[in-house]
Amino acid sequence: MTEPGAGERRRSDSATSTKRRRAVRGAGEAARSAAEALTELISHRLEGVSAVCRGEDDGWIVDVDVLELARIPDTTSLLATYRVELDSAGELVQYRRIARFRRGAQDQ
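Just so we're aligned, residue 0 is where the sequence shown starts under our numbering, counting upward by one.
In structure tokens:
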């Protein structure tokens, strides 16, 4: 026989544990979290991650490249780099576009 309310206690314990987020482990996980968060907010196709570094307070700063305007030929398509800041749990803090460039343009 189980103790009354035991199921309720287990549910509330598991609900509390799901609210707690574990810290992002490593640059790869930070890059994936940033890319997912950004694609939920903007309607552009993800091209890749061009930079990942530690931010303040154990957070992460990730530069994500996206296709903003597809053109023919492809080398004239417009790409943009967005800087995504995550907290230590991988939650989006802020993002902003920091660059816009043609696909075929060389770095300066």
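Backbone N, C-alpha and C define an ideal beta-carbon position, used for all residues, glycine too.
Please read all numbers here as calculations on a predicted model, not as lab measurements.
In this structure, V23 places its C-beta atom within 8 Å of the C-beta atom of A88.
For the 8 Å CB-CB criterion, V65 and E46 form a contact. If you ignore the 5 residues before and after R21, its C-beta comes within less than 6 Å of no other C-beta in its own chain. Per DSSP, the beta-bridge partners of I60 are C52 and E84.
Pairing A26 with P72, the inter-Cα distance amounts to about 34 Å.
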